[in-house]
Each structure stands twice: as structure tokens, then as C-alpha cells.
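Participant: If you read the sequence shown in numbering that gives the first Met the number 0, its first letter stands for residue 0, the second for the next number, and so on.
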Amino acid sequence: MDKVRLGRILGKGARQAARTAWDAIDAATAPDPNPPKPTANRPVAASVSQKPTVMPPSMRSAANPTQPNRDAVVTAVAKAVDAAQSLERGKRQMKQAALAPIKRAGHALWLEVTGSFFLIFAIGFGVNAWRVRTMHGRPTVAFFCIMCVLFLYFSATSFMKARRR
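#1: Would you decide whether F116 is buried or exposed? Buried here means 16 or more other CB atoms lie within 10 Å of its CB.
#2: Would you call the stretch 109-123 and the stretch 143-159 in contact, with 3 or more CB pairs under 8 Å?
#3: Within 10 angstroms of the Cβ of G136, are there 16 or more other Cβ atoms? Answer buried if so, exposed if not.
#4: Tell me the rounded alpha-carbon separation between A79 and W109.
#5: Please list, in chain order, all residues of the same chain as G114 whose beta carbon is under 7 Å from its beta carbon, the five residues on each side excluded.
#6: Could you give the DSSP three-state label for H135: helix, strand or coil?
#7: Label R18 either buried or exposed according to how many other C-beta atoms from any shown protein chain fall within 10 Å of its C-beta, with 16 as the threshold for buried.
#8: Between which two residues does the alpha helix (DSSP H) carrying D81 extend?
#9: If T139 and V131 are in contact, beta carbons under 8 Å, what's the gap, nearest whole angstrom?
#10: Near A128, what residues of its chain come up, given a Cβ to Cβ distance below 7 Å and the 5 sequence neighbours on each side ignored?
#11: Determine the closest residue to R163 out of A29, A104, A96 and A83, with distance taken between C-alpha atoms.
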């Protein structure tokens, strides 16, 4: 499919987004227009790696201005740890908010499927109780009736739990 036809199908917004993406790709793959120039006595790589560390004045100690202030560093680290913990807590809450409805629906569906299987067994026991009512003695009929009632109970409670969800 050519670009013109695709653009007509997707519309003006898609064409503009494609143009922006192509411009970004071209800009990312283009060479640096202003490369750093090496000095006469040092190559470029050495000048980049020997760059001095600049600290804000609030992080410098009064006794030694080149060393960071201990309290400021401790505060900065505590803020970073707090931010990381907040981020983790936010991720956990977002995951819980996104997956809770899916989990609830899946659990209700599982209860309905289980109730259906219990109902199938209850029907089977009921049919067998009806068949053997005249052929065999009362203990066999009683067994099938008890099993039928038991599986009907399992089925009913499973459907009621699914309804509550």
C-alpha cells in the first residue's frame, strides 16, 4: 500500500504523526553538528573524563568547601529513598487497581463453572436414583438421593457465591 493511500485511509492526524516520527528518526541518526573540539595539549576523551564536580553551595561544608555537607547529603539521600518508596507504592496500587476487577470477574466465572459441574453430577445422581428405585434395595436409592442432594447443595452455594461477587 503506498503512502498516499495509507494517509487518506488513516487521516490527517496519522499523517502528521508519521511525519513527526520520521523527523525524530532523522534527527536521532544525524551526526552532531557541533562536535567538541580537542585542545592542543589534551584529547577530547581526557577533557570529558576530567570534568570537575560542581556541588551546590547548600551541600558544601563550611570547613572544607570542596567536601559535601554531611547533613545535606543525608537529607538528599533520604529524599531519594522516600521518592523511590513512593514510586514503588504507586506502582503496587496501580497494579492492584488495574487487576482487581479482572481478578473479581475471574473468580466469579470460576465459581459459576464449578457450580455447573456440581449441577451435572447432581443431575447424574438424580437420574440414577430414579432408575434404580424399583430394581435395587433402599440403600442404593438412598445413596444416590443423598449424593444428588449434596451436589445440588454444592452447586447452589457456588452460584450464590458467584452472584455475591
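All C-beta atoms in this analysis are idealised placements derived from N, C-alpha and C, irrespective of residue type, glycine included.
Facilitator: Quick look at the numbers:
#1: exposed
#2: yes
#3: exposed
#4: 43 Å
#5: S154, S157, F158 and A161
#6: coil
#7: exposed
#8: R69 to R130
#9: 5 Å
#10: V140, F143, C144 and C147
#11: A104
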